[in-house]
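What follows is one structure encoded as structure tokens, with my remarks underneath.
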Amino acid sequence: MSRAKIATFCALLALVLAPGLAGAQPTCTGTGENLMSWPAVDPVWQFCWLRPQNSSGPRARGSRSATSTIAASW
1077 MSRAKIATFC ALLALVLAPG LAGAQPTCTG TGENLMSWPA VDPVWQFCWL
1127 RPQNSSGPRA RGSRSATSTI AASW
């Protein structure tokens, strides 16, 4: 398969998947999870974060789960 065909396929795949990503929003339901949205109006980034004392890793490093989602709008 040529590079041009691969590039075209990847571009079409991105167009198909983009609308689903634009509507994605993380659900911060775990203990101590907080929702971060930037900017506050029409957010481009949204993710859940924990305070260090709520983290389960050593010396408050790490998280309990990967709950972040980046919602992109093009």
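Here this note's numbering is used: the first residue of the sequence shown is 1077, the next is one more, and so on.
Cβ atoms here follow ideal geometry from the backbone N, Cα and C, with glycine treated the same way.
Please read all numbers here as calculations on a predicted model, not as lab measurements.
Quiz prompt | Minimum C-alpha distance to residue 1130 - residue among 1114, 1110, 1116 | solution = 1110
Practice problem: Name the residue from 1101, 1085, 1132 whose alpha carbon lies nearest to the alpha carbon of residue 1122. | Solution: 1101
Quiz prompt | C-alpha gap between residue 1116 and residue 1124, whole angstroms | solution = 14 Å
Exercise. Output the distance between the C-alpha atoms of residue 1084 and residue 1077, rounded to the nearest integer angstrom.
Key: 11 Å
Practice problem: Could you check what DSSP says for residue 1129 in three-state terms: helix, strand or coil? | Solution: helix
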